[in-house]
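Scroll down for the structure; my scribbles are underneath it.
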Amino acid sequence: MSEAWSDKRKRQYEHVKDSELDRGRDEDRAEEIAARTVNKTRDEKGETKDDDED
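Take a look at the structure:
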């Protein structure tokens, strides 16, 4: 889990991870899906740092 994530995104990560585990995914795959989901959401909401901005 990334240090740059807000508490809201950390909760989202845990929720997605738990949902994936409930669906029968293994722990590693559930963590990967959760992290990718949170990062995608952060990017869509403009919460990520853009390297092109100076």
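Using the working numbering, read the sequence shown as starting at 50 and increasing by one per residue.
The beta-carbon is built from N, C-alpha and C at its ideal position, and this holds for glycine as well.
Once DSSP output is grouped into helix, strand and coil, what is the label at residue i?
i, result
"S55", "coil"
"R74", "coil"
"D92", "helix"
"T86", "helix"
"K98", "coil"
Let me check understanding here. Comparing Cα to Cα, which of the options lies closest to residue i?
i, options, result
"V87", "Q61, L70, R78 and S68", "Q61"
Quick test of your reading: residue i and residue j, contact by CB under 8 Å. State the CB separation rounded to the nearest angstrom.
i, j, result
"E69", "A84", "Not a contact, Cβ separation roughly 11 Å."
"A79", "K59", "No, A79 and K59 are not in contact; Cβ-Cβ is about 15 Å, not under 8 Å."
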